[in-house]
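Protein chains in written order, with my numbering: chain U, 270 to 576; chain B, 9 to 121.
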Amino acid sequence: LMPGICSIPVTSLPSLEWPLPSRTDQYELRIEVQPKPHHRAHYETEGSRGAVKAQTGGHPVVQLHGYRGKEPLGLQIFIGTADERILKPHAFYQVHRITGKTVTTTSYEKIIHSTKVLEIPLEPKNNMKAIIDCAGILKLRNADIELRKGETDIGRKNTRVRLVFRVHIPQPGGQHMSLQVASHPIECSQRSAHELPMVEKQDMDSCSVLGGQQMILTGQNFSADSKVIFTEKTHDGQQIWELEATVDKDKSQPSMLFIEVPPYRDPSICHPAKVNFYVINGKRKRSQPQHFTYTPLPAPSIKTEPV
Amino acid sequence: APNYEFYKNADVRPPFTYATLIRQAIMDSKDMQLTLNEIYSWFTRTFAYFRRNAATWKNAVRHNLSLHKCFVRVENVKGAVWTVDEMEYQKRRSQKITGSPTLVKNLPSSLGY
DNA sequence: TTAGGAAAATTTGTTTCATAT
DNA sequence: TAATATGAAACAAATTTTCCT
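As structure tokens, then:
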């Protein structure tokens with residue numbers, strides 16, 4: 270079978286909602302190939318919709334760097350949330366173990382607190398690299414999950430997930446070092462995948478409070494009526510600023526938006542200001558909030574004499 | 009905040025209007041905003057009476073949300089949430105109190121509206 | 001099996017009418 | 001009486017779930 274896997278008692282490991290680092294001084298768990306940003310999940314009433322794939326057509330790849338041991342380890346996979354909150358298992362989705370001749374990976378599954386977790390081997394002979402070709406995504410009915418006691422999340426419009434990978438590395442003292450890394454977000458609804466704008470990359474993360482610079486957004490489902498809105502929220506979630514950026518409609522394409530960063534509401538700040546922006550099509554189809562930072566002007570000039 | 013303990017398990021209709029209850033549900037939430045579904049949950053969690061005849065009272069809740077100007081729908085990443093325009097809410101209530109002396113005498117202070 | 005498309009079903013919101021307080 | 005509250009229901013739009021090729 271699979272030595273080294275499944276041998277660690279669940280109770281001694283950190284819970285699935287516990288935040289873990291992806292790297293330490295010694296190790297790093299890294300996603301070498303990211304999954305595609307869309308993967309339509311299947312319902313229990315449907316047949317499988319196959320394994321999550323990579324943009325390239327292959328499958329996602331995960332590798333553990335810095336491991337010198339001889340023993341294979343188990344790589345755990347589960348479906349996590351992809352919103353602004355900290356990562357936790359997604360209540361409305363589960364990993365689905367794909368089997369069949371097209372699948373190279375042997376896998377083992379178990380349930381931890383109503384979350385299905387897949388475990389596949391990470392072997393030294395493969396350089397501790399694993400090709401994730403056995404992970405599909407199952408959608409659970411909103412109504413079924415929402416009536417679960419203690420569940421406060423809402424299923425409606427909550428259709429983005431991340432693949433979460435964990436490894437537990439045995440340490441000399443008998444303890445374990447646990448690492449975790451999560452993939453880029455994956456949109457799992459047929460409709461949302463087709464209609465919701467999604468920002469995958471932004472050309473820059475910050476600029477001065479004056480704005481005015483061009484920023485290129487790369488993503489999906491951008492359209493002629495796409496708007497880009499900058500917002501700022503206080504610590505307790507109250508929105509205090511909102512401004513629409515101008516979009517260069519001539520240059521923009523379905524997968525690319527050229528916008529001009531709007532000026533920040535207060536040009537005299539002394540510390541960088543973290544704001545959000547999102548893309549919105551029509552009235553309701555809006556992307557997840559993206560992050561952006563306005564930096565203060567160099568130095569408040571006190572000199573008054575002309576140059 | 010009102011004490012609804014008695015109604016949590018007693019299958020008795022709470023003597024409050026829908027508007028009062030909806031506002032209370034939203035006020036009880038952490039961010040002063042709830043989705044429709046979360047409002048439903050608050051009703052069933054808080055009142056035994058609303059654990060049956062769901063089609064009826066849920067319809068009434070939606071009806072009230074739309075009808076009263078004090079309930080404001082706000083778009084959000086996760087769809088829409090409902091909030092309370094407290095100014096608007098109290099405007100309606102104070103109109104009722106100041107505008108009808110006879111009602112003032114009879115209105116038990118603990119009852120909404 | 002896996003993918004795509006879309007019909008069917010459910011939810012969320014708006015309005016209107018009737019009745020009771 | 002006028003203003004409010006409650007119920008039932010018709011409709012529309014948005015979103016989810018099931019079904020079919």
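Don't be surprised by glycine CBs; every beta carbon is placed ideally from N, CA and C.
(message) Please state the DSSP three-state secondary structure of U/Ser452.
(response) coil
Q: Answer with yes or no whether the minimum CB distance from U/Asn490 to chain B is below 8 Å.
A: no
Query raised in the report: What separation, rounded to the nearest whole angstrom, lies between the Cα atoms of U/Val386 and B/Ala68?
Result: 42 Å
Going by beta carbon distance, what residues of the same chain come within less than 6 Å of B/Ala88, once the five residues before and after it are set aside? Arg81
- Query: Can a CB atom of chain B be found closer than 8 Å to the CB of U/Pro272?
  - Reply: Only weak support is given to the placement of U/Pro272: the predicted model assigns it a pLDDT of 41, under 50, and the question is left unresolved by the model.
query = Can you find a C-beta in chain U that's less than 8 Å from the C-beta of B/Lys99?
reply = no
_Cβ separation of U/Ser317 and U/His365, assumed to be a contact under 8 Å, to the nearest whole Å_ = 6 Å
Length of the line joining the Cα atoms of U/Met339 and U/Gln440
Looking at the sequence provided, one finds Lys at residue 339 of chain U rather than Met. If I take the Cα positions, the gap works out to 13 Å.
Legend entry - Proximity test, Cβ basis, 8 Å: U/Gly419 and chain B: no
_Let me make sure I understand the geometry here. Which of U/Glu529, U/Ala351, U/Gly488, U/His560 has the alpha-carbon closest to that of U/Pro541?_
U/His560
Can you list, in chain order, the residues of its chain with a C-beta nearer than 6 Å to that of U/Ala412? Leave out the 5 residues immediately preceding and following it.
none
Whole beta strand (DSSP E) elements within the segment 408-483 of chain U, 3-residue minimum: 429-439, 445-451, 467-471, 475-477
Quick check on DSSP: helix, strand or coil for U/Val642? Since the first residue of chain U shown is 270 and the last is 576, residue 642 of chain U is not available in this structure.
(Q) If I follow the unbroken beta strand (DSSP E) through U/Tyr377, where does it start and stop? (A) 377-381
Select from U/Ile485, U/Gln332, U/Leu566, U/Asp519 the residue whose C-alpha is nearest the C-alpha of U/Ile400.
U/Gln332
Point to revise | Under 7 Å by beta carbon: chain U residues contacting B/Val92 | key: The premise fails here: B/Val92 is roughly 15 Å from chain U at the closest Cβ pair, so nothing lies under 7 Å.
ask   = Are the C-beta of U/Asn427 and some C-beta of chain B separated by less than 8 Å?
value = yes
Interface partners of B/Met69 on chain U, CB under 8 Å = The question names Met, yet the displayed sequence has Val at residue 69 of chain B. Simply none; closest approach about 16 Å.
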